[in-house]
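Chains as they are written, first to last, in the working numbering: chain A, 2 to 170; chain B, 2 to 170; chain C, 2 to 170. Beta carbons are placed, not taken as given, at the ideal position from N, Cα and C, and that holds for glycine. Contents: one structure, followed by commentary.
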Amino acid sequence: MTVTADNLVATVQRLVDQDDIKRVLFDYAFHLDAADPEKMLPLFTPDLHVAYGPSHGADGAEAYLETLTSEKFGVAAFFAGTSHHVSNIVIDFVDADTANVRSVLYAFHHYMRERADGIVYGQYHDIVVRTPDGWKIKRRELKHAGTETYHAKGDALNPIPRNSLPGSR
Amino acid sequence: MTVTADNLVATVQRLVDQDDIKRVLFDYAFHLDAADPEKMLPLFTPDLHVAYGPSHGADGAEAYLETLTSEKFGVAAFFAGTSHHVSNIVIDFVDADTANVRSVLYAFHHYMRERADGIVYGQYHDIVVRTPDGWKIKRRELKHAGTETYHAKGDALNPIPRNSLPGSR
Amino acid sequence: MTVTADNLVATVQRLVDQDDIKRVLFDYAFHLDAADPEKMLPLFTPDLHVAYGPSHGADGAEAYLETLTSEKFGVAAFFAGTSHHVSNIVIDFVDADTANVRSVLYAFHHYMRERADGIVYGQYHDIVVRTPDGWKIKRRELKHAGTETYHAKGDALNPIPRNSLPGSR
C-alpha cells in the first residue's frame, strides 16, 4: 500500500486502531494472569460470546464473569499461576468499526492441586468492535494445536483445522 | 527520530511496510500450522532460498513445495500438529524495497508417529523484498538456541552464535 | 482515539516511539541470547536499576556489566544457550520522554553444567526514557508467574501478584 497525502489520516487511524486492538488482547492476558476477572470483563461487549471448546464457554458478560469467578473452577480458584503469551497478531478490518483478529497463544498453567503444569498451544480467533469506550472483544474462539499435561482433553477443545493429505486442497 | 510535516508520508509508509512484513511472517506460521504448503509458497519470491540447517533447505519455489508436500516428510505427513510462535521482530530496511528481518521462534511439533513432542527455540533471519504483489520472503535462515526432544539433532541445525568467553568480543 | 490533521504529527511520533521502544526490548533479548553483555549495556541508562528478584539485580551500568560477565555466573559462563521470547508489549507514556512498559517473557535456559533446561514464565516491568542516543531502559523489574526446572527457586524471584480469592478486589 502506498501512503499519500490523501490517505494519510485514514492510514494513521488504522495503525492506531491496530495498536489499540492489540492492547485489548494484551490486557486480557494481563488481567487473566493476575486472576482478576473483573478487569477482564470491560474488555468485552456485554453480548460477548466466548468459546474455549465445543461445550465450554460463555454467552454474555454475566455468564462469563460467573465462569471466571467460580469458587471451584474459576481462574483464581483453579490455578496458582498462569502465563499467556500472545503473538502473531493479524488484524483484518471488515469495516471501520469491526475487525477479525487472529493470534497465537502459548498458555502456561500452574494448578492449585498437585499435578504437572499444563501447556496449551492455541489460536484466538476474535471479532472486535469499536465502541464509545474503545475497542472490545465481541466474540472469542480458542482453537488449539496441541497441549501438554493440560487438564482438558483434546476433544474438549476446538482443533485447528489441518489439511489431512499432503498438498490436498 | 523526530517526525515532522516533511518526513510524515515517508515515516507512515515505513510503519505500514513494517506492518505488512510482520503479516508475511505470521501468515507463514498460520499456513504452516494449518499444514497448507500451497498457501505458504505465495509468501516467497520464486527464487527463494530457505535454510533450516547446514544441509536442509530448498532453493526455488518448486523445490520448496516438494519438500513441504513430501508424502513421507512433508508437514502434513510428518506432523499431527504444530504451533509456531513468532515474536521479537526487528526490521532493518536496506533500501525502500528490501529489508533484513530477524525474529524469535518458539515452535511446537506433535508428530504423526508415537514419540514425544519436539520444541525448537529459534531465530528466523530473513531478507524480504517489495514486489508488485506485496512484501515477500526472498531468503529465510533458521538458527536455533536449543531444542527439546526434536527429531533433528543439534548439529543438523544452524546454531545461534554465542560469545564463548565472558566479556570477549 | 480519532486521528485528525491537527494531531497527525504527534500521533505518528508516538507510533515511531513505540516502535523504537519495542526494538530496545528485542535488542536486549538478542544480545542476551548471543551472550554479548557489552552490547546489552548501551540499551540502558548509566544509572540503571535491574531487579531479577528480591536480592538479585544491579544498580548502575558497571555493576550490571560485572554481573553479566562474571566468570562463574555470567551469561556466557553459566548458560550454553538461552532464548528470550518477548510479547504482549504494552507502552504507557508518562510524558513525551518517559514510558512505563510491560511485556511477557518466555525464557529458555540451557545450562553449561549437566542439568535439565530451565524455563521462566515472566513479565518485564520497565521504565524507559528518551535520551539523545534513543530510548533506553532506566529500570527493569522481572516478575514471574512460574518456572520449570529453573536454577533459581521461586522465592528468589519476584512474583506476579494474583487475587487470592475468586472475585475479590
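Could you pull out every residue in the same chain whose Cβ sits closer than 7 Å to the Cβ of residue 161 (chain C), ignoring the five residues on either side in sequence?
As a working mapping, residue 161 (chain C) is identified with position 160 in the third sequence. Contacts found: 124, 144, 145 and 146.
Is the beta carbon of residue 66 (chain C) closer than 8 Å to that of residue 76 (chain C)?
If you number the third sequence from 1, residue 76 (chain C) lands on position 75. If you number the third sequence from 1, residue 66 (chain C) lands on position 65. No, the Cβ-Cβ distance between residue 76 (chain C) and residue 66 (chain C) is not below 8 Å.
In this structure, how does DSSP classify residue 67 (chain B) when only helix, strand and coil are distinguished?
Reading the second sequence from its first residue, position 66 is the one you call residue 67 (chain B). Correct three-state label for residue 67 (chain B): helix.
In the structure shown, what three-state DSSP assignment does residue 133 (chain B) receive?
In the second sequence, residue 133 (chain B) corresponds to position 132, counting from 1. It is coil, neither helix nor strand.
With 8 Å set as the bound, which would you pick, yes or no: does the beta-carbon of residue 65 (chain A) sit closer than that to a beta-carbon of chain C?
Position 64 of the first sequence, counted from the start, is the residue given in the question as residue 65 (chain A). Not one chain C Cβ lies under 8 Å of residue 65 (chain A).
Report the rounded CA-to-CA distance for residue 37 (chain B) versus residue 133 (chain C), giving the unit in angstroms.
On the second sequence, position 36 is the one that residue 37 (chain B) refers to. On the third sequence, position 132 is the one that residue 133 (chain C) refers to. Rounded to the nearest angstrom, the two C-alpha atoms are 47 Å apart.
Taking the straight line between their C-alpha atoms, what separation do you get for residue 99 (chain C) and residue 43 (chain C)?
Counting from one through the third sequence, the residue named residue 99 (chain C) turns up at place 98. Counting from one through the third sequence, the residue named residue 43 (chain C) turns up at place 42. Answer to the nearest angstrom: the Cα atoms are 17 Å apart.
Going by the DSSP bridge assignment, what does residue 99 (chain A) pair with across the sheet?
Locating residue 99 (chain A) in the first sequence gives position 98, counting from the first residue. According to DSSP, residue 99 (chain A) bridges with A:96 and A:130.
In three-state DSSP terms, what is residue 55 (chain A)?
Translated into positions along the first sequence, residue 55 (chain A) becomes position 54. The answer is coil: DSSP assigns residue 55 (chain A) none of H, G, I, E or B.
Helix or strand or just coil, what does DSSP make of residue 169 (chain C)?
As a position in the third sequence, residue 169 (chain C) is number 168, starting the count at 1. Note that residue 169 (chain C) scores 40 on pLDDT, short of 50, meaning its location in the model is unreliable; the coordinates nonetheless yield the value given after this. Secondary structure at residue 169 (chain C): coil, using DSSP grouped into helix, strand and coil.
Around the Cβ of residue 155 (chain B), are there at least 16 other Cβ atoms within 10 angstroms (buried) or fewer (exposed)?
One-based indexing of the second sequence puts residue 155 (chain B) at position 154. In this structure residue 155 (chain B) is exposed. Its beta-carbon is surrounded by fewer than 16 other beta-carbon atoms within 10 angstroms.
For residue 44 (chain A), list the residues DSSP reports as bridge partners.
Along the first sequence, one-based indexing puts residue 44 (chain A) at 43. BP columns for residue 44 (chain A) are empty, so no partner.
Using DSSP with H/G/I as helix, E/B as strand and the rest coil, what is residue 5 (chain C)?
The residue given as residue 5 (chain C) occupies position 4 in the third sequence. If DSSP states are grouped into helix, strand and coil, residue 5 (chain C) belongs with coil.
Give the DSSP bridge partners of residue 124 (chain B), in chain order.
Position 123 of the second sequence, counted from the first residue, corresponds to residue 124 (chain B). Paired residues: B:105 and B:144.
What are the boundary residues of the alpha helix (DSSP H) that includes residue 77 (chain B)?
Taking the second sequence and counting its residues from 1, one reaches residue 77 (chain B) at position 76. Element bounds for residue 77 (chain B): 76 to 79.
With a cut-off of 8 Å on the beta carbons, I'd call residue 92 (chain C) and residue 19 (chain C) a contact; round off their distance for me.
Start at 1 with the first residue of the third sequence, and residue 92 (chain C) comes out as number 91. Start at 1 with the first residue of the third sequence, and residue 19 (chain C) comes out as number 18. Between residue 92 (chain C) and residue 19 (chain C) the beta-carbon gap is near 5 Å, inside 8 Å, which marks them as a contact.
Taking beta-carbon pairs under 8 Å, can you tell me which members of the stretch 138 to 155 of chain B lie near chain C?
146, 147 and 149
Got a sec? Which residues, its chain only, sit under 7 Å from residue 71 (chain B) by beta carbon, not counting five neighbours each side?
Stepping through the second sequence from its first residue, residue 71 (chain B) is reached at position 70. So the list reads 78, once near-sequence residues are dropped.
Between residue 4 (chain C) and residue 10 (chain A), which are expected to be in contact by the criterion C-beta below 8 Å, what is the C-beta distance as a whole number of angstroms?
In the third sequence, counting from the first residue as 1, residue 4 (chain C) sits at position 3. In the first sequence, counting from the first residue as 1, residue 10 (chain A) sits at position 9. Sure, about 5 Å apart at Cβ, within 8 Å.
In terms of alpha-carbon separation, which member of B:7, B:148 and B:26 lies closest to residue 86 (chain B)?
The count along the second sequence starts at 1 and reaches residue 86 (chain B) at position 85. Among B:7, B:148 and B:26, the Cα nearest to that of residue 86 (chain B) belongs to B:26.
Are the beta-carbon atoms of residue 117 (chain A) and residue 150 (chain A) separated by less than 8 Å?
Position 116 of the first sequence, counted from the first residue, corresponds to residue 117 (chain A). Position 149 of the first sequence, counted from the first residue, corresponds to residue 150 (chain A). Yes, they are a contact pair.
Between which residues of its own chain and residue 13 (chain C) is the CB-CB distance below 8 Å, once the five residues before and five after are set aside?
Here residue 13 (chain C) refers to the residue found at position 12 when the third sequence is read from its first residue. Once the five neighbours on either side are set aside, residue 13 (chain C) has no close Cβ partner at all.
So, is the C-beta of residue 86 (chain B) closer than 8 Å to a C-beta in chain C?
In the second sequence, counting from the first residue as 1, residue 86 (chain B) sits at position 85. True, the Cβ-Cβ gap to chain C drops below 8 Å.
Under 8 Å, do residue 80 (chain B) and residue 112 (chain B) count as touching if we go by C-beta distance?
By one-based count along the second sequence, residue 80 (chain B) stands at place 79. By one-based count along the second sequence, residue 112 (chain B) stands at place 111. Less than 8 Å separates the beta-carbon of residue 80 (chain B) from that of residue 112 (chain B).
Does chain A have any CB closer than 8 Å to the CB of residue 119 (chain B)?
The sequence position of residue 119 (chain B) within the second sequence is 118, counting from 1. Answer no: the Cβ-Cβ gap between residue 119 (chain B) and chain A never drops below 8 Å.
Given a threshold of 16 other Cβ atoms within 10 Å of its Cβ, counted over all protein chains shown, does residue 104 (chain B) qualify as buried or as exposed?
Position 103 of the second sequence, counted from the start, is the residue given in the question as residue 104 (chain B). Result: buried.
Straight-line CA distance for residue 152 (chain C) to residue 57 (chain C)?
By 1-based counting over the third sequence, the position of residue 152 (chain C) is 151. By 1-based counting over the third sequence, the position of residue 57 (chain C) is 56. One C-alpha to the other measures close to 13 Å.
Check the Cβ of residue 125 (chain C) against every Cβ in chain A and list those closer than 8 Å, keeping chain order.
Locating residue 125 (chain C) in the third sequence gives position 124, where the first residue counts as 1. The premise fails here: residue 125 (chain C) is roughly 12 Å from chain A at the closest Cβ pair, so nothing lies under 8 Å.
At a CB distance below 9 Å, what residues from the stretch 22 to 47 of chain B approach chain A? Give them in sequence order.
23, 24, 26, 27, 28, 30, 31, 34, 35, 36, 37, 38 and 39
Which residues does DSSP pair with residue 119 (chain A) in a beta bridge?
Within the first sequence, numbered from 1, the residue matching residue 119 (chain A) stands at position 118. Residue 119 (chain A) pairs with A:110.
For residue 40 (chain A), which residues in the same chain have their Cβ closer than 7 Å to its Cβ, ignoring the five residues on either side in sequence?
Locating residue 40 (chain A) in the first sequence gives position 39, counting from the first residue. Counting only Cβ-Cβ distances below 7 Å, and skipping sequence neighbours, we find 32.
From residue 59 (chain A) to residue 122 (chain A), what does the alpha carbon distance come to, in whole angstroms?
Counting from one through the first sequence, the residue named residue 59 (chain A) turns up at place 58. Counting from one through the first sequence, the residue named residue 122 (chain A) turns up at place 121. Cα to Cα, the separation comes out at about 21 Å.
If the criterion is Cβ atoms closer than 8 Å, does the pair residue 74 (chain B) and residue 62 (chain B) meet it?
On the second sequence, residue 74 (chain B) is found 73 positions in, with the first residue counted as 1. On the second sequence, residue 62 (chain B) is found 61 positions in, with the first residue counted as 1. Result no, Cβ atoms of residue 74 (chain B) and residue 62 (chain B) do not sit closer than 8 Å.
Label residue 30 (chain B) either buried or exposed according to how many other C-beta atoms from any shown protein chain fall within 10 Å of its C-beta, with 16 as the threshold for buried.
Taking the second sequence and counting its residues from 1, one reaches residue 30 (chain B) at position 29. Buried is the call here.
Going by DSSP in three states, residue 39 (chain A) sits in which element: helix, strand or coil?
Here residue 39 (chain A) is taken as the residue at index 38 of the first sequence, counted from 1. Looking at residue 39 (chain A) - three-state DSSP - the assignment turns out to be helix.
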